[in-house]
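With this note's numbering applied, the sequence shown covers 6 to 234.
Yeah, the Cβ is synthetic: ideal placement off N, Cα and C, and Gly gets one too.
Since the structure is predicted, the reported quantities are computational estimates derived from the model, not experimental observations.
Let me begin by presenting the structure, written as structure tokens, before commenting on it.
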Amino acid sequence: MRLAGPLRVVVIVLTAGLTWILVSVLLGTQSGFSRLQQFLRSPENPPTSEPRPKKYKCGLPRACPDNSFAFRIMSGAANVIGPKICLEDKMLMSSVKNNVGRGLNVALVNGVNGELIDAKFFDMWAGDVNELLKFIRPLHEGTLVFVASYDDPATKMNEETRKIFSELGSKVAKDLAFRDSWVFVGAKGVQNKSPFEQHVKNKKSSNKYEGWPEALEMEGCIPQRTAEV
């Protein structure tokens, strides 16, 4: 008998709530329909969301074949956001690692095992091009070369520098100019031009940023080099 009063109050509140929701639905309000759905939904059966697409190494949308290396490379955006070079889910160069800078950002990788040999940036506006030449002249056969531009990749480039990059497989190194955007993956000893290269000219009429073209992003799978016996 003592519970009759509280139970009556609960019944009245539930009845009023359901009546308000049903009226809202009948009047076509979205909020009422949503509340009705929430009320009728069983806590044991929460709504299912679509599964997120699976990401593979370096964020690629699909896995690379066996005996190949997954990579993603991004040039810098204007002179604000630094470039990134990722290989096999390892970030080789980035602003977070504090090893990128204005000019050319270059990572050298062992083409057999995918291990990083060295990574440096070279200022092509106010730096010394000879430092870059010392870095890329003595490459061993099969060494992979990853290059990402940032701000200005070309002002200090000389004929020898352009020739070396061309021999590594670049199609555009000979024409690279002030503030162009450029990403490139080549190798010492390649026979043909690399399929992994993108280039956007610095043109006032088409630049995405004031004074700079758009940033570039490239991804893919690089065949692993077979170790010589």
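(request) Apply the 10 Å Cβ neighbour rule to residue 32 and answer buried if 16 or more other Cβ atoms are within range, or exposed otherwise. (result) Unreliable positioning characterises residue 32 in this predicted model, as indicated by a pLDDT of 46, which lies under 50. The coordinate reading is nonetheless provided below. Under the 10 Å beta carbon count, residue 32 is surrounded by fewer than 16 other beta carbons and is classified as exposed.
- Task: Reducing DSSP to helix, strand and coil, say where residue 202 ends up.
- Result: Residue 202: strand per DSSP, three-state reduction.
Which of the three DSSP states is assigned to residue 65 in this structure? Collapsing the DSSP output to three states places residue 65 in coil.
*Backbone CA spacing between residue 123 and residue 82 [nearest angstrom]*: As the crow flies, the alpha-carbon of residue 123 is around 23 Å from that of residue 82.
Do the region 153 to 171 and the region 114 to 122 touch if we need at least three Cβ pairs shorter than 8 Å? The region 153 to 171 is not in contact with the region 114 to 122.
Review point. Considering only the beta carbon of each residue, do residue 154 and residue 187 sit closer than 8 Å?
Key: Yes; because the gap between Cβ atoms is below 8 Å, this pair is in contact.
**Prompt:** Looking at residue 105 and residue 98, is the spacing between their C-beta atoms short of 8 Å?
**Reply:** In contact: residue 98 and residue 105 (Cβ atoms closer than 8 Å).
Assign residue 167 to one of three DSSP states: helix, strand, or coil. If DSSP states are grouped into helix, strand and coil, residue 167 belongs with the helices.
Please classify residue 216 as buried or exposed, where buried requires at least 16 neighbouring CB atoms within 10 angstroms. Exposed.
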